[in-house]
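Notes for the one structure printed next.
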């Protein structure tokens, strides 16, 4: 499994030196990265289940509590609203406190210890997910699912974390391994709903679906911090210790010499405070934390990043809108609750909803295979643009009435293509930003995507139930076309490029990604 790469030896005066990128290239992709991938993958598996559950709980709750279509849509919108807040929040504090050591509350020491990084997001997801199974009414269910969404927003931090352990060579294919866990999570949730819903109820499905996330808590104490983040923060010894463990577990060796930062001037080094400020009061620490986080966010709109930031926001908005819209569209066309006979996928089989959603979820697998095959060959930009165009081709025939078989086939192809685009886009976002604002940038982009997730239920549920399927499909087509164009205007394609830790403030021509 270990695939070390050749590295060049550099000198700083008379001393041999190497960077984190060169160290990772030397130790290769091996057992250590495999274990990190499994941990992050388990998180994506659990989070995918929590998102996929919307396809089954919405129609069931609508029927049991006699809800309107808008109330059913609000249930999904609340989850994405929580994810919007969570994506931005977790990304912001991750860049300030670390991928692992993201502290939520500086006021209560015990909460400081327990609610940090992955642990905080996971506890929020698990706790609110379990409590939502006992919701006494519609309002409490909406509030609790919104809290679940806030925890799910931490998924972008997992992506930033694992990205910083992976060598540059073939990084696209290896990062796409995370998408397999997401795909299997959606498939598993469909099977679980198929088994639980007809025999028990949606409450049992909510309770059982949050169990995989609890497994993350068991191994949290063994989770390492990102060596790239530590090095960028000047904690060279801590970064070196982790790199040594990687080399030991991968049965490789670090390059000869001394570990040095990729850049001596960090993006926020002049304004950021040290993580170790014992003489500051709690109020002063909170003020410094707030100002540092605000500066990280403002950096996304600097002259070097604003174009990339705005294009990524539109890309994620269109991608998330189309991806989750197709999921909910499949659910609505299968539920048989439409007033105008638009339930094209409805059959006499009472399990048709679960069967159709399960088949649609299987489309994730060829979608990931497609993206993995071409991402390191034609690059990130062309891969995303091509898969968006492919999704548009599959969706276009649904403007006209089709048979159930053809409708399911076209939705399968569209789901496959949007999954391929989404998988590559999430990697691309992480690669484009420097380490010092990577989680903030990725979190903000994902938050923009969640705005699309909040709006798409109004389309997939509202337009379909009001007999406006054609309008819904055309809207999907337009958004995917705009996203395909936007990705081509992003300045840099990160295929095969090293990650950048910071922006050289003295060089206005430097690109975001290190060459």
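Numbering (the working numbering), first residue to last: 977 to 1491.
Even for Gly, the Cβ is constructed at its ideal location relative to N, Cα and C.
Quantities reported herein were computed from a predicted structural model and do not represent experimental measurements.
Original post:
The alpha helix (DSSP H) with residue 1017 in it runs from where to where?
Top reply: The residue labelled residue 1017 in the question sits at position 41 within the chain shown. From DSSP, the alpha helix (DSSP H) with residue 1017 extends over 1007-1028.
Original post:
What are the boundary residues of the alpha helix (DSSP H) that residue 1404 is part of?
Top reply: Working through the chain shown from its first residue, we reach residue 1404 at position 428. First-last of the alpha helix (DSSP H) with residue 1404: 1380-1408.
Original post:
Exposed or buried, which one is residue 1454 when buried takes at least 16 other CB atoms within 10 Å?
Top reply: Numbered from 1 along the chain shown, position 478 holds the residue referred to as residue 1454. Exposed, since its Cβ has fewer than 16 Cβ neighbours within 10 Å.
Original post:
Can you list, in chain order, the residues of its chain whose CB lies under 8 Å from that of residue 1408, leaving out five sequence neighbours each side?
Top reply: In the chain shown, residue 1408 corresponds to position 432, counting from 1. These residues qualify, in order along the chain: 1284, 1288, 1417, 1466, 1468, 1470, 1488 and 1489.
**OP:** Indicate the three-state DSSP secondary structure (helix, strand or coil) for residue 1176 in the structure shown.
**Re:** As a position in the chain shown, residue 1176 is number 200, starting the count at 1. Three-state result, residue 1176: coil.
**OP:** Go ahead and label residue 1492 buried or exposed: buried means 16 or more other beta carbons lie within 10 angstroms of its beta carbon, across all protein chains shown.
**Re:** For the chain, the structure presents residues 977 to 1491; residue 1492 sits outside this window and is missing.
Subject >> Rounded separation between residue 1217 and residue 1201 - CA only >> reply: The residue you call residue 1217 lines up with position 241 of the chain shown. The residue you call residue 1201 lines up with position 225 of the chain shown. One C-alpha to the other measures close to 11 Å.
Original post:
Given that a residue counts as buried once 16 or more other Cβ atoms are within 10 Å of its Cβ, and exposed if not, what is residue 1174?
Top reply: Numbered from 1 along the chain shown, position 198 holds the residue referred to as residue 1174. So residue 1174 counts as exposed.
Original post:
Just the Cα atoms here: how many angstroms apart are residue 994 and residue 1063?
Top reply: Translated into the one-based positions of the chain shown, residue 994 becomes position 18. Translated into the one-based positions of the chain shown, residue 1063 becomes position 87. Their backbone Cα atoms lie some 33 Å apart in a straight line.
Subject >> Beta-carbon proximity check, residue 1421 vs residue 1149, cutoff 7 Å >> reply: In the chain shown, the residue the question calls residue 1421 occupies position 445. In the chain shown, the residue the question calls residue 1149 occupies position 173. Not closer than 7 Å, so no.
**OP:** Classify residue 1197 as buried or exposed, calling it buried when 16 or more other Cβ atoms lie within 10 Å of its own Cβ.
**Re:** On the chain shown, position 221 is the one that residue 1197 refers to. Classification of residue 1197: exposed, given that the 10 Å Cβ count is below 16.
Original post:
Is residue 1201 helix, strand or coil by DSSP?
Top reply: Locating residue 1201 in the chain shown gives position 225, where the first residue counts as 1. The answer is coil: DSSP assigns residue 1201 none of H, G, I, E or B.
Original post:
Terminal residues of the continuous alpha helix (DSSP H) containing residue 1190?
Top reply: Residue 1190 sits at position 214 when you count from the first residue of the chain shown. 1187-1194 is the extent of the alpha helix (DSSP H) around residue 1190.
Subject >> Backbone CA spacing between residue 999 and residue 1065 [nearest angstrom] >> reply: On the chain shown, position 23 is the one that residue 999 refers to. On the chain shown, position 89 is the one that residue 1065 refers to. The alpha-carbon atoms of residue 999 and residue 1065 are separated by roughly 31 Å.
Original post:
For residue 1282, is the classification buried or exposed, using 16 other Cβ atoms within 10 angstroms of its Cβ as the cut-off for buried?
Top reply: For the purposes of this step, residue 1282 is identified with residue 306 of the chain shown, where counting begins at 1. Exposed, by the Cβ-count rule.
**OP:** Under the assumption that residue 1293 contacts residue 1415 (Cβ atoms under 8 Å), give the Cβ distance between them as a whole number of angstroms.
**Re:** If you number the chain shown from 1, residue 1293 lands on position 317. If you number the chain shown from 1, residue 1415 lands on position 439. The Cβ separation is near 19 Å, so there is no contact.
Subject >> Collapsed DSSP secondary structure at residue 1368 in the structure displayed >> reply: As a first step, residue 1368 is located in the chain shown; it is residue number 392 there, counting from the start. Helix at residue 1368.
Original post:
For residue 1376, does the three-state DSSP call read helix, strand or coil?
Top reply: Counting from 1 along the chain shown, the entry for residue 1376 is found at position 400. Note: residue 1376 maps to coil in three-state DSSP.
Subject >> residue 1499 - DSSP class collapsed to helix/strand/coil >> reply: Summary: the structure shown does not reach residue 1499, with the chain confined to residues 977 through 1491, and so no result is reported for it.
Subject >> Separation of residue 1343 from residue 1159, as counted between CA atoms >> reply: Translated into positions along the chain shown, residue 1159 becomes position 183. Translated into positions along the chain shown, residue 1343 becomes position 367. Looking at the two C-alpha atoms, the distance is approximately 9 Å.
Subject >> DSSP state of residue 1122 mapped onto helix, strand, coil >> reply: As a first step, residue 1122 is located in the chain shown; it is residue number 146 there, counting from the start. It is helical.
Original post:
For residue 1214, which of helix, strand or coil comes out of DSSP?
Top reply: One-based indexing of the chain shown puts residue 1214 at position 238. Helix, per DSSP.
Original post:
Considering only the beta carbon of each residue, do residue 1358 and residue 1462 sit closer than 7 Å?
Top reply: Stepping through the chain shown from its first residue, residue 1358 is reached at position 382. Stepping through the chain shown from its first residue, residue 1462 is reached at position 486. Not a contact, by the Cβ cut-off of 7 Å.
**OP:** Starting from the Cα of residue 1431, find the closest Cα among 1067, 1300, 1016 and 1214 and give me that residue.
**Re:** Taking the first residue of the chain shown as 1, we reach residue 1431 at position 455. It is 1300 whose Cα lies nearest to the Cα of residue 1431.
Subject >> Residue burial classification, residue 1353 (beta-carbon count within 10 angstroms, cutoff 16) >> reply: Counted from its first residue, the chain shown places residue 1353 at position 377. By the neighbour-count rule (16 or more Cβ atoms within 10 Å), residue 1353 is not buried but exposed.
**OP:** Would you kindly check if the distance between the Cβ of residue 1178 and the Cβ of residue 1033 is under 7 Å?
**Re:** Here residue 1033 is taken as the residue at index 57 of the chain shown, counted from 1. Here residue 1178 is taken as the residue at index 202 of the chain shown, counted from 1. In contact: residue 1033 and residue 1178 (Cβ atoms closer than 7 Å).
**OP:** Give the straight-line distance between the Cα atoms of residue 1331 and residue 1212, rounded to the nearest whole angstrom.
**Re:** One-based indexing of the chain shown puts residue 1331 at position 355. One-based indexing of the chain shown puts residue 1212 at position 236. Going from the Cα of residue 1331 to the Cα of residue 1212 covers about 53 Å.
Subject >> Neighbour-count burial assignment, residue 1446, 16 or more Cβ in a 10 Å radius >> reply: Locating residue 1446 in the chain shown gives position 470, where the first residue counts as 1. It is exposed - the Cβ of residue 1446 has fewer than 16 other Cβ atoms within 10 Å.
**OP:** Inspect the beta-carbon positions of residue 1125 and residue 1058 and report whether they are closer than 7 Å.
**Re:** On the chain shown, position 149 is the one that residue 1125 refers to. On the chain shown, position 82 is the one that residue 1058 refers to. For residue 1125 and residue 1058, yes; Cβs fall inside 7 Å.
**OP:** Note down the Cα distance separating residue 1016 from residue 1147, rounded to an integer number of angstroms.
**Re:** Locating residue 1016 in the chain shown gives position 40, where the first residue counts as 1. Locating residue 1147 in the chain shown gives position 171, where the first residue counts as 1. For residue 1016 and residue 1147, the distance between alpha carbons rounds to 16 Å.
Subject >> Status (buried if at least 16 other CB within 10 Å, exposed otherwise) for residue 1014 >> reply: In the chain shown, residue 1014 corresponds to position 38, counting from 1. Per the 10 Å Cβ criterion, exposed.
Subject >> CB of residue 1121 within 7 Å of CB of residue 1055, strictly >> reply: The sequence position of residue 1121 within the chain shown is 145, counting from 1. The sequence position of residue 1055 within the chain shown is 79, counting from 1. For residue 1121 and residue 1055, yes; Cβs fall inside 7 Å.
Original post:
From which residue to which residue does the alpha helix (DSSP H) around residue 1341 run?
Top reply: Numbered from its first residue, the chain shown carries residue 1341 at position 365. Segment 1340-1354, the alpha helix (DSSP H) holding residue 1341.
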